[in-house]
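The listed protein sequences derive, respectively, from chains Z and L.
Under numbering that gives the first Met the number 0, the first residue of the first sequence carries the number 0, and numbering increases by one thereafter.
Under numbering that gives the first Met the number 0, the first residue of the second sequence carries the number 0, and numbering increases by one thereafter.
Ideal Cβ placement from N, Cα and C applies to all residues, glycine included.
Written below as structure tokens is the structure these notes are about.
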Amino acid sequence: MIHSLFLINHSGDIFLEKHWKSVISRSVCDYFFEAKEKAAEPENVAPVLQTPHHYLITIYRGKLFFLSVVQTEAPPLFVIEFLHRVADIFQDYFGECSESVIKDNVVTVYELLEEMLDNGFPLATESNVLKEMIRPPTILRSVVNTLTGGSNVGDTLPTGQLSNIPWRRAGVKYTNNEAYFDVIEEIDAIVDKSGTTVCAEIQGVIEACVRLTGMPDLTLSFMNPRLLDDVSFHPCVRFKRWESERALSFIPPDGNFTLMNYHVSSQNLVALPVYVKQSISFFDSGPCGRLDITVGPKQTMGKTVEALMVTIHMPKAVLSANLTATQGSYTYDLATKVLVWDIGKLNPQKLPNLKGSLSLQAGAPKPEDNPSLNIDLKIQQMAISGSLLFIRTF
Amino acid sequence: MSASSAFNEEKGGSSSVGEPEYGHDPASGGIFSSDYKRHDDLKEMLDSNKDSLKLEAMKRIVAMIARGKNASDLFPAVVKNVACKNIEVKKLVYVYLVRYAEEQQDLALLSISTFQRGLKDPNQLIRASALRVLSSIRVTIIVPIMMLAIKEAASDMSPYVRKTAAHAIPKLYSLDPEQKDQLIEVIEKLLADKTTLVAGSVVMAFEEVCPERIDLIHKNYRKLCNLLIDVEEWGQVVIINMLTRYARTQFLNPNMNESLLEEGSDKTFYGSDEDEDEEEEEKEKKAEAPMAKRKPYVMDPDHRLLLRNTKPLLQSRNAAVVMAVAQLYFHLAPKVEVGVIAKALVRLLRSHSEVQYVVLQNVATMSIKRRGMFEPYLKSFYIRSTDPTQIKVLKLEVLTNLANETNISTILREFQTYIKSMDKDFVAATIQAIGRCATNIGEVRDTCLNGLVQLLSNRDELVVAESVVVIKKLLQMQPEKHSDIIKHMAKLTDNIQVPMARASILWLIGEYCEHVPKIAPDVLRKMAKSFTNEEDIVKLQIINLAAKLYLTNSKQTKLLTQYVLNLAKYDQNYDIRDRARFIRQLIVPTEKSGALSKYAKKLFLALKPAPVLESPFKDRDHFQLGSLSHLLNAKAGGYQELPDWPEAAPDPSVRNVEVFALLERVTTLTSVPEWTKCSSREKRKEKRVEKPFYSDSEGESGPTESADSESDSASGSEMGSGLEESGSGSESEGSEEGSESEEEEEEDEKDKKKIKKDLKKPVKESESEQSSEEEERKHQRKSDQQKSDSESESDEESDSESSQSESDDSDSEADVKKKKKAAESKPPPKPVKKDTKKEKKEMSLLDLDDFEPAASPQVTPVNSFLSNSLVTDLEGLSLSDAVLSPANISPCSALKSYELLHRIRGEGLSVEYCFSRQPFSPDGNMVAVQMQFTNNATSEAKNLHMEDVKLQSGMRVKEFPEIELLPAGETATAVMGIDFCDSTQAANFQLCTHTRKFFVSIQPPVGELMRPVFLTENEFKKEQGQLMGMNEITEKLTLDAKCRNEHTIVQRVTTAANLSRVPCGSDKECRFAGRTVTSGSLVLATVATKEGGAAQLTVNCEKMVIGTMLVKDVLLALTQ
């Protein structure tokens, strides 16, 4: 299926290549570079490109392009999903997935790629199995290795590949048994100019960190499972148990993993935690405009709103911004025309406000479209959907 | 080719600048920067004794490979380390080997024996990895070895090794497609495998090697369906895609009746549906006659099984799996059930943008066919300002497809916001989308048109231009009503500069000049003025406009038209000149002009059909959704067409054949009539026995579904006798499902009890099983899946308990179960025994291998001078016999001579050589080559000698003594010795005379790489017994008509290979023995003849390369 993989950095250098079948010249990437030239943003490069003899399937992660070469029919999602899995594994191993980290650990990366695919077909993609075969580098280990001549390759043979539950290795032992579950919920909402919510939906993800001895079998149940409209699970979760009794029953992988993703149906009206009052206008008379934005809390259930940030993509004609913020700081990037206002914590007593004038390019026509505002925020200790969970261990 | 390599070098060169960056690698620090003859130094490190140095060198080499730099010149140095003890070095050597073996085939062969040894390792993981690397080495010469290894591994005890074998199949196939038939046999065998580990990989192999052999799936269909949920995610994708194709060939279209009933009710506004309906109508017509009698459609229980077992996978975290299930439902499920996939697909829209891109493409196709499915999720397709352009455009496409009378107002409002976006490509796409909505939904046409007209006053020219183009298309539908819009657009010509928009306006005015009789000539006047500055496309439309006006209103425009035509006559563009000439002839009546000009008006002002604005995704669903071909809308290589539904279902019983056969074997005692009922139960039991990890979550389940299958069976019983079987089958299944779900409820309470039982159970079972490793695994699995096991146990119990209705049956069922257990517990011991035996042998073989370079004790070269053991002494004695006895059989006259130098190339000197089969006295490890020099020239040749010998590593040559003088017309002979190192590599050298040099090469047939030894029948049998397994190659053949008697067989074999005959009691068998010249490995060949010319050739040889090549040669000799 997957013939070759090229890793390409932001500026278009191929810094790693791996072939699982016969070697394909890296000139095949030229088609990709051509497409990249045409697209203004790296995100806009089509993920699937057709060349005379090959198909190029690309993902863009962490400012890197993972470009895979496919020669025959293969489900594109299969390849894309696999490439993301590769990036996830790198992240898991090295803490981040960036060019410098990959270059520093090029041998480990190569060994990983070798194990993950066999003849283009995925072989071992579970991080638990891989870690049994190739140990992730740590500073301590690399020091020890240089002194003793040891290696990162596991001495024992991985047994995980043989079992029916490849995500968990055998013989796990902890002195402190612990399991943590993080419930992260995101509201994704579109609000129109007048402030009415066009659409809003809640997505949640349960991240788990389980350090338990042996082969634990866990059951997790929800207070209000009806809220969950649509779910997807880690393969360890027993589907049928969920369907029959709406409980999560699973043997967890060892360490960190994403247990489930869920979606809370948008039929229930979602209360947005903040509101924004904005007025951005450009004058016909002179080359300037005015901007006035205020953010206030709406329904926060007594919790504080943190990491509040407003991002505005300005029209091209806007040359500079002369603004004053009552709270936080703002930056205006001239090249990308993006105005970022980093507010931080929202103080309900004193609402943050950003006000001032924009100067436009002389002679340019007045931009008539209102720029769109992106607002990011975080609230700790609050589940918007209101579903809590309980856990039982066996 | 050369260009690309040049490019490579260049790239490599440029990246070498960034090299020191790798200095961060703790292991490789410092050294990089310090010296430049890196390769020499790497070689040195590889040759050292220290593992740490080797490791460091390998790390640097792998880093070079990763950067795409050429490291092939290190091959010999690296390959030496293939047997290194250090695991990491070994792994890195494998990486290197797989990368460069294809380029350095000869040297790669040196490593093969290491892997062959690994294939026999008692540890399954080592066996698997050896097979994996061996099969990844792309060297054609080892194809037979790979084939053998795969065959062996396919029947390995360990499922992991079998999985690796499945992986190796496509590799071998791509290396040598001629092996297809044999590979299919292996695939067939592996398809029958019951472990989840193997299933995905073997289906992958099936898809790559023989996707057309759908018949292989029949027997495994149900098993695959049931295992599906436990297969690893990548395998699931492949299996689901394959089963989709399978189901399309085997089951009936579940929508065939519905389409008749609700025709029209669910019609979308695209032509596509009509097409489909037409098709279906055609089908219906064909089926019309039987239709009258046909009962309502009943879904095949197997079809239902597939749908039911794939459904939970919609909840997978893997987008590819979700997509695979979605396409399966789209292509296979009844219309009412397809809806379930929408939610899952919408969920995927929150994933990475690449995933969104692919999913949206598929949703776009689906939304044309089944609009209702995605309507509830309309808002999920609303566009976010942060989406990449390509995603925005795709979402627009979906929104447009979903638009209907009820939701169009919300969609249009949404579109209005989009038009204000800063992304101009997206705005253009939005305007087109509005245009499509307007054409499709009559009610909003006017609103859309008005909106678009408002856009004409937009400041952005691109927006205006796009609007003009769309308005033009809309106006074409009903021009009468909209003369004011046309007038408005006429005014725009002053401002708009985008050529396409200008051309559109001109075309509109020309086309509808009757509606704007006053303005049109004025526009032409303005255009005539600016004609020379316009773009070509606009110029063409100006000419068109002029022509049309001339025809309708010649009074006002005659002069203008002529002016325009004159301008065009001298235009730079030949298209425009041609058009002008053509139009002038057509519209201006002259004496010369023919009949055509009478019809000019009709030609120019004919009614043109309005353009159809349709989705680019229309009709894309003839490609299997989710495939690459669908995404590209073009057939990708290796794409398997999705077949149309069959008109009549093929025999469904093909899928249960296996079960019956099995049953027959097991239950010879049970009465015949019960079979039919048993079949489904048996099947179910099969599930139980092989029950994998999470099978408690298997197929059975929610009340809705069991109700489904019940209703199925109910209607099934109405059907003719043909379907009765399956009907009753599903019925019993249904009732069992019921009891099972009860169990599940009780499960929790019983838990503790079960665990106790479990503890006993493994002990019991372990008695019957001997393989320790297998058992260990089972143990592990047991503890993993206490539940599933315990369930199956309790299942037995409850089966017998809850047998209210079928008490008799359950008894017999229990019987069957026991018997089956017995039957199942029997087979395993056999392979186990075999295996242990094999292992013993292998051990001895291994020892041999280890000693290899210093010839093993039993192996004595012919001309060995010293022999330390009595055995070898005796052998040496018997050898003298051997030399004498075969002399009778293999006469020297049969020696084949080969040409070394043709007399034309050699300018009169011709040289032939033959393998004399005499021991080469100076060195026993060499093969004697007898050369015959003939001087056909008129002048004499002097100083014949050889020079510049080029050999593969390990090979040696003993040159022939120089021939000082060869007079014209004379012939001379000389003998040289070559140590071929037991390989068929050619020895290259130069043959020199006093004037010329000729490049020549000698390549031995494999049969000449051995010398005869004499063995007694018993010795032969003993030796053969030690060379079994991988070292034995057997081929069936049909003997040539001329060589059916013993004598000719012996003659042909000995001609092909330098072997001696071994006396044999049976006249049906001819045996031969020899040893390879260099290493003295034993080579044994047996030809067993049967009646009618059939025969079987068996070759046993420690060196598998030699063995396989010898088989080929001997086969050739015997069949020709």
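So the candidates are the options; which of them puts its Cα closest to the Cα of residue i?
{"i": "Z:I56", "options": "Z:E110, Z:F232, Z:M0 and Z:A38", "result": "Z:M0"}
{"i": "L:K1020", "options": "L:Q561, L:P1062, L:F998 and L:V337", "result": "L:P1062"}
{"i": "Z:Y54", "options": "Z:S3, Z:S21, Z:G61 and Z:A38", "result": "Z:S3"}
{"i": "L:P921", "options": "L:A936, L:H944 and L:D978", "result": "L:D978"}
{"i": "L:P148", "options": "L:P121, L:P176, L:R137 and L:Q115", "result": "Reading the sequence as shown, one finds Ala at residue 148 of chain L and not Pro. Considering only alpha carbons, the answer is L:Q115."}
{"i": "Z:F256", "options": "Z:K62, Z:V44, Z:Y30 and Z:D87", "result": "Z:D87"}
{"i": "L:A527", "options": "L:K517, L:P516 and L:I542", "result": "L:I542"}
{"i": "L:N1030", "options": "L:A107, L:D40 and L:P143", "result": "L:P143"}
{"i": "L:V914", "options": "L:A940, L:H901, L:R955 and L:M975", "result": "According to the sequence displayed, residue 914 of chain L carries Phe and not Val. When each option's Cα is compared against that of L:F914, the closest is L:M975."}
{"i": "L:A343", "options": "L:S352, L:M372, L:I367 and L:T364", "result": "L:M372"}
{"i": "L:S384", "options": "Z:K377, Z:Q379, Z:L372 and Z:I378", "result": "Z:L372"}
When we look at the beta-carbon of residue i and count the other beta-carbons within 10 Å, is it buried (16 or more) or exposed?
{"i": "Z:R240", "result": "buried"}
{"i": "Z:M222", "result": "exposed"}
{"i": "Z:N176", "result": "exposed"}
{"i": "Z:G213", "result": "exposed"}
{"i": "L:R1043", "result": "exposed"}
{"i": "Z:E33", "result": "exposed"}
{"i": "L:S200", "result": "buried"}
{"i": "L:L393", "result": "buried"}
{"i": "L:G67", "result": "buried"}
{"i": "L:F998", "result": "exposed"}
Quick one: what's residue i bridged to in DSSP?
{"i": "Z:C28", "result": "According to DSSP, which records beta bridges pairwise, Z:C28 is partnered with nothing at all."}
{"i": "L:A973", "result": "L:M930"}
{"i": "Z:M259", "result": "Z:I205 and Z:F232"}
{"i": "Z:C287", "result": "Z:S358"}
{"i": "L:E1120", "result": "Only positions 0 to 1119 of chain L appear in the structure, and residue 1120 of chain L is not among them; the question remains open."}
{"i": "L:Q989", "result": "L:E946 and L:F998"}
{"i": "Z:N321", "result": "Z:S356"}
Please state the DSSP three-state secondary structure of residue i.
{"i": "L:Y569", "result": "coil"}
{"i": "L:Q917", "result": "strand"}
{"i": "Z:K17", "result": "strand"}
{"i": "L:A65", "result": "helix"}
{"i": "L:E281", "result": "Residue placement at L:E281 cannot be trusted, given a pLDDT of 45 that sits under 50; what the coordinates show is reported in the next sentence. Three-state DSSP puts L:E281 in a helix."}
{"i": "L:L1008", "result": "helix"}
{"i": "L:D1112", "result": "helix"}
{"i": "L:D422", "result": "coil"}
{"i": "L:Q1095", "result": "strand"}
{"i": "L:V462", "result": "helix"}
{"i": "Z:M308", "result": "strand"}
>> What are the residues in the stretch 105 to 128 of chain Z lying within 8 Å of chain L by C-beta distance?
In response: For the stretch 105 to 128 of chain Z, the set of positions with a beta-carbon nearer than 8 Å to some beta-carbon of chain L reads V105, V106, V108, Y109, E110, E113, D117, N118, F120, P121, L122 and T124 in chain order.
> Any residues in the stretch 269 to 298 of chain Z with a beta carbon nearer than 7 Å to a beta carbon of chain L? Which ones, in chain order?
Replying inline: If the cut-off is 7 Å between Cβ atoms, the stretch 269 to 298 of chain Z has nothing near chain L.
> Using a Cβ cut-off of 7 Å, which residues of the stretch 41 to 68 of chain Z contact any Cβ in chain L, in chain order?
Replying inline: Residues passing the 7 Å Cβ filter: E42, N43, A45, P46, V47, Q49, Y54 and I58.
> For the stretch 12 to 27 of chain Z, which residues have a CB atom closer than 8 Å to at least one CB atom of chain L, in sequence order?
Replying inline: For the stretch 12 to 27 of chain Z, which is checked against every Cβ of chain L, the residues closer than 8 Å are D12, I13, F14, L15, E16, K17, H18, K20, S21, V22, S24, R25 and S26.
> What residues in the stretch 387 to 399 of chain L have a beta carbon less than 7 Å from any beta carbon of chain Z?
Replying inline: From the stretch 387 to 399 of chain L, only P387, T388 and Q389 have a Cβ closer than 7 Å to chain Z.
> Which residues, in chain order, does the stretch 225 to 236 of chain L contribute to contact with chain Z at a C-beta distance below 8 Å?
Replying inline: Within the stretch 225 to 236 of chain L, the qualifying residues are I228, D229, E231, E232, W233 and V236.
>> If the cut-off is 9 Å on Cβ atoms, which residues from the stretch 1083 to 1113 of chain L count as contacting chain Z, listed in chain order?
In response: So the list is empty, because no residue satisfies the distance condition.
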